[in-house]
Amino acid sequence: MTRSDLVEELAARFGQLNQRDAEQAVKSILDAVSDALVRGHRIEIRGFGSFAINHRPPRIGRNPRSGESVQVPSKRVPHFKPGKALREAVDNLKTDTPAAPDQLT
């Protein structure tokens, strides 16, 4: 599902929202999540999951072209941990076929 698919789904579920309002709502939510992560905050959405910042320590890597060892600096990366309800919903899907959008809600 892409961002535009999410906007279309939101507009379809809520008849009072037109496409432009749905786009603004999705943009506002994603901006709020991004801003909180940039400030180092943790975001928890019960039943869905949580977003946090993980620290990756410095390490020695290898240049795949030359085989030369290179120092990879430490960095902070965003991390998503799915909630129990989401994990169980995904686990209960059949693995043979892709999920239909209505199976995920």
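Residue numbers (our numbering): 44 to 148. Note that beta-carbon positions come from the ideal geometry of N, C-alpha and C, so glycine has one too.
Hey, G104 and V113: beta-carbon distance below 7 Å or not?
yes
Helix, strand or coil: which one does DSSP assign to K70?
helix
Run of the beta strand (DSSP E) containing K127, from where it starts to where it stops:
Counting along the chain, K127 falls outside any beta strand (DSSP E), though it belongs to the alpha helix (DSSP H) covering K127 to D134.
Helix, strand or coil for Q114 per DSSP?
strand
Taking the alpha helix (DSSP H) that S47 falls in, what are its first and last residues?
R46 to R56
Got a sec, what are the start and stop residues for the beta strand (DSSP E) G104 sits in?
R102 to R105
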